[in-house]
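*Asks:* Under our numbering, think of the first position of the sequence shown as 222, with each following residue one higher. Every residue, glycine too, gets a C-beta built ideally from N, C-alpha and C. Note that the structure is predicted; figures quoted are calculated from it, not measured.
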Amino acid sequence: MGSHNGMGVLSFSLEERKILESLSNAEETSLETLAMTTNLSEGALHLSLLSLELKQCIERTPSKGYIILEYGRNQFVH
Numbered sequence: 222m223g224s225h226n227g228m229g230v231l232s233f234s235l236e237e238r239k240i241l242e243s244l245s246n247a248e249e250t251s252l253e254t255l256a257m258t259t260n261l262s263e264g265a266l267h268l269s270l271l272s273l274e275l276k277q278c279i280e281r282t283p284s285k286g287y288i289i290l291e292y293g294r295n296q297f298v299h
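What follows is the structure, encoded as structure tokens:
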């Protein structure tokens with residue numbers, strides 16, 4: 222994975238914040254669970270998940286769940 226040196230603090234949309242608040246780095250969270258805990262529409266959920274993956278804040282697991290990465294935890298301030 223690439224280095225994040227030189228990158229400023231990321232900004233997150235309300236939808237992205239809802240997702241980050243719902244994720245754990247200890248165990249994966251399923252798409253269904255994220256849909257229930259965030260109350261986001263399917264389109265908004267998928268768009269926000271993609272955005273967070275591109276920002277390297279979350280990762281999709283082989284079993285199609287999601288976990289928050291260390292960089293995402295460090296960037297996201299509750």
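What separation, rounded to the nearest whole angstrom, lies between the Cα atoms of histidine 267 and valine 230?
*Replies:* Roughly 23 angstroms separates the two Cα atoms.
*Asks:* Going by C-alpha distance, which of Ser284, Ile279, Tyr287 is nearest asparagine 295?
*Replies:* Comparing Cα-Cα distances from asparagine 295 to each of Ser284, Ile279, Tyr287, the minimum goes to Ile279.
*Asks:* Expressed to the nearest angstrom, what Euclidean distance is found between the alpha-carbon atoms of threonine 275 and glutamate 237?
*Replies:* Inspection of the sequence shows that residue 275 is occupied by leucine rather than by threonine. Roughly 12 angstroms separates the two Cα atoms.
*Asks:* Do glycine 286 and leucine 273 have their CB atoms nearer than 8 angstroms?
*Replies:* It is not a contact, given that the beta carbons lie outside the stated cut-off.
*Asks:* Going along the chain, which unbroken runs of the alpha helix (DSSP H) with 4 or more residues stay wholly within the stretch 237-268?
*Replies:* Segments of the alpha helix (DSSP H) lying fully in the stretch 237-268: 252-259.
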